[in-house]
Amino acid sequence: MDSKNILTADLLDLVFDNRNKDYGAYELRKFYNKRIAKALLVTGTLVGIAFTSIALTTNHRPEELRFVEKVIPQIINPLKEEKPVEQTGSHSGWATWQVVA
């Protein structure tokens, strides 16, 4: 390459100067940014389609819940009042202690 063209030449052209540019490596490196952009676009589109199809096919709406209040009638009989039993005898209700010798 001429010394005049070195300052304006692309780095890739400098690397592949006097080398075979037809076998593929030159072309892969030259158009790398375009290939990455295409790959990201295709991948993003496929992921978007996948998520959209999942979102549309899945029913995310919860079913309507109905709360039915079931009233069970209960018959409550009033308690019969029992009169307290009167104690008879000498016991006044307190325990007495016997001393055993």
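If you read the sequence shown in the numbering used here, its first letter stands for residue 29, the second for the next number, and so on. Ideal Cβ placement from N, Cα and C applies to all residues, glycine included. These numbers were taken from a predicted model, which means no experiment stands behind them.
Check the C-beta distance from residue i over to residue j and give it rounded, since I have them as a contact under 8 angstroms.
i   : j   : result
R63 : L40 : With a Cβ gap of about 15 angstroms, R63 and L40 do not count as contacting.
F44 : Y51 : The Cβ separation is near 10 angstroms, so there is no contact.
Is DSSP giving residue i helix, strand or coil here?
i    : result
L69  : helix
L107 : coil
N46  : coil
D41  : helix
T86  : coil
V128 : coil
V75  : helix
Along the chain, where does the alpha helix (DSSP H) that runs through residue i open and close?
i   : result
V99 : Counting along the chain, V99 falls outside any alpha helix (DSSP H), and DSSP gives it neither H nor E.
E55 : 53–58
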